[in-house]
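Participant:
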Amino acid sequence: MPKLTGIYAKLLKLYGPQGWWPLLDVEGKNPTKTGSMKGYHPKDYSYPKTDKQRFEICIGTILAQNTSWVQVEKALQNLKKINYVDPKKILKINESNLGKAIKPAGYFNQKAKKLKRFSEFYISLKGKVPSREELLNMWGIGPETADSILLYAYKKPYFVIDAYTKRIFSRLGFFSEKAKYDEMQKFFMDNFPKDYKKYNEFHALIVEHAKRCCNKTNPLSEKCILKKACKFKNI
DNA sequence: AACCAGGACGTGA
DNA sequence: TCACGTCATGGT
5 MPKLTGIYAK
15 LLKLYGPQGW
25 WPLLDVEGKN
35 PTKTGSMKGY
45 HPKDYSYPKT
55 DKQRFEICIG
65 TILAQNTSWV
75 QVEKALQNLK
85 KINYVDPKKI
95 LKINESNLGK
105 AIKPAGYFNQ
115 KAKKLKRFSE
125 FYISLKGKVP
135 SREELLNMWG
145 IGPETADSIL
155 LYAYKKPYFV
165 IDAYTKRIFS
175 RLGFFSEKAK
185 YDEMQKFFMD
195 NFPKDYKKYN
205 EFHALIVEHA
215 KRCCNKTNPL
225 SEKCILKKAC
235 KFKNI
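In terms of the numbering used here, the first sequence opens at residue 5 and continues consecutively.
1) Could you check the C-alpha separation between Leu80 and Lys56 for me, to the nearest Å?
2) So if DSSP puts Cys218 in a beta bridge, which residue, or which two residues, is it bridged to?
3) Rounded to whole angstroms, what's the CA-CA distance from Gly103 to Lys96? Just pull it up for me.
4) Which residue marks the beginning of the alpha helix (DSSP H) containing Cys62, and which one marks its end?
5) Report all residues from its chain with a CB closer than 6 angstroms to the CB of Tyr126; omit the five preceding and five following residues, and keep chain order.
6) Quick check on this structure: which residue in Phe178, Ala183, Leu209, Lys184 has the alpha carbon closest to the alpha carbon of Asn195?
7) Run through DSSP, which three-state label would Glu31 get?
8) Find the nearest neighbour of Phe206 within the set Pro26, Lys53, Thr169, Glu124, judged by alpha-carbon distance.
9) Straight-line CA distance for Ile165 to Ser100?
10) Would you mind reading off the limits of the alpha helix (DSSP H) that contains Ile2?
11) Where does the unbroken alpha helix (DSSP H) through Phe112 begin, and where does it stop?
12) Who are the near neighbours of Val89 in its chain, counting only those whose CB is closer than 6 angstroms to its CB and skipping five residues on each side?
13) What residue range does the alpha helix (DSSP H) around Asp194 cover?
14) Per DSSP, what kind of secondary structure is Pro21 in: helix, strand or coil?
15) Can at least three beta-carbon pairs, one atom from the region 102-117 and one from the region 128-137, be found at a separation below 8 angstroms?
16) Alpha carbon to alpha carbon, what distance is there between Pro197 and Phe122?
17) Under three-state DSSP, which class holds Leu230?
18) Counting only the same chain and skipping the five closest in sequence on each side, list residues whose C-beta sits under 7 angstroms from that of Val76.
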């Protein structure tokens with residue numbers, strides 16, 4: 005079985021720095037991705053630089069639940085248009101109108117409620133870093149969202165496990181398809197340097213690789229650089 | 001035209 | 001605990 009550090013190096017060489025977490029606007033950065041968002045910032049792990057950016061990332065992780073990123077972009081841009089990427093303003097707007105603004109991201113009734121609950125929590129923090137337990141105790145925030153917030157909004161080394169990570173690394177034989185979240189996370193955190201910059205980059209690279217060549221029903225093995233170790237074809 | 005996307009929660013067994 | 005159903009828009 006290949007090592008995580010080796011896979012990380014391969015993916016980084018192949019795809020390059022991914023510039024996560026994307027923001028609505030990043031001053032002085034050139035877009036490296038298609039679409040209207042110019043907010044990727046490759047090789048710069050200093051974001052978020054402001055509280056406003058931090059909050060934007062937090063609500064982005066909630067909006068991104070089981071939804072493609074392009075849809076999240078639309079929802080965020082709608083919020084930005086009315087200048088509502090702000091916890092106090094999200095508390096002020098009525099839930100129905102909030103839902104209307106974030107509609108493109110899907111599950112808009114649930115997500116409107118989640119954004120309101122989170123905004124209240126965020127204000128109560130007064131700049132303090134939330135613990136993982138505090139986040140998990142919030143309605144609407146599960147393990148992946150909690151870890152995404154800690155990693156990408158607060159630069160804390162919590163490895164994010166998503167459906168892509170599970171798919172790729174179970175196919176590579178690191179764990180079974182029905183491994184639990186905490187089990188998978190522990191594996192990554194025990195076998196990879198505990199560095200928030202590398203956690204940031206690795207997760208983003210995993211997403212990129214999964215999108216390009218690790219489909220749900222079949223891997224695009226001809227272009228997958230990890231195909232030698234992939235067990236999928238033998239299942 | 002099904003299928004799925006940078007999940008989480010509620011329910012009944 | 002766990003296997004399912006629900007939430008919902010919009011790309012391919």
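A virtual CB, placed ideally from N, CA and C, is assigned to each residue, including glycine.
Facilitator: Straight from the coordinates:
1) For the purposes of this step, residue 80 is identified with residue 76 of the first sequence, where counting begins at 1. For the purposes of this step, residue 56 is identified with residue 52 of the first sequence, where counting begins at 1. Looking at the two C-alpha atoms, the distance is approximately 13 angstroms.
2) Here residue 218 corresponds to residue number 214 of the first sequence, with the count starting at 1. DSSP output for Cys218 lists Pro223 as bridge partner(s).
3) Walking along the first sequence from the start, residue 103 turns up at place 99. Walking along the first sequence from the start, residue 96 turns up at place 92. Straight-line Cα distance between these residues: approximately 13 angstroms.
4) Position 58 of the first sequence, counted from the first residue, corresponds to residue 62. Per DSSP, Cys62 belongs to the alpha helix (DSSP H) from 55-67.
5) Against the first sequence, residue 126 aligns to sequence position 122. Take Tyr126, set aside five residues on each side of it, and the residues of its chain with a beta-carbon closer than 6 angstroms to its own are Pro91, in chain order.
6) The count along the first sequence starts at 1 and reaches residue 195 at position 191. Nearest of Phe178, Ala183, Leu209, Lys184 to Asn195, Cα basis: Phe178.
7) Mapped onto the first sequence, residue 31 falls at position 27. Residue state, collapsed to three classes: coil.
8) Indexing the first sequence from 1 puts residue 206 at position 202. Considering only alpha carbons, the answer is Thr169.
9) The residue you call residue 165 lines up with position 161 of the first sequence. The residue you call residue 100 lines up with position 96 of the first sequence. Near 32 angstroms, if we compare the C-alpha coordinates of Ser100 and Ile165.
10) No answer is possible for residue 2: the residues shown for the chain start at 5 and end at 239.
11) Stepping through the first sequence from its first residue, residue 112 is reached at position 108. If you look at Phe112, you'll find it in the alpha helix (DSSP H) that goes 112-129.
12) Numbered from 1 along the first sequence, position 85 holds the residue referred to as residue 89. For Val89, where only same-chain residues beyond five positions count, the Cβ hits under 6 angstroms are Glu60, Leu83.
13) Here residue 194 refers to the residue found at position 190 of the first sequence. Run containing Asp194: 185-194, per the alpha helix (DSSP H) assignment.
14) Position 17 of the first sequence, counting from 1, holds the residue named residue 21. Here Pro21 sits in coil by DSSP.
15) Contact between the region 102-117 and the region 128-137 is absent: fewer than three C-beta pairs spanning the two stretches fall below 8 angstroms.
16) Position 118 of the first sequence, counting from 1, holds the residue named residue 122. Position 193 of the first sequence, counting from 1, holds the residue named residue 197. Between Phe122 and Pro197, the alpha-carbon positions lie close to 31 angstroms from each other.
17) Residue mapping note: residue 230 aligns to position 226 of the first sequence, counting from 1. Leu230 carries a coil assignment under DSSP once its states are collapsed to helix, strand and coil.
18) Within the first sequence, numbered from 1, the residue matching residue 76 stands at position 72. Sequence-distant Cβ neighbours of Val76 in its own chain, meaning closer than 7 angstroms and more than five residues away, are Gly64, Leu67, Ala68, Ala109.
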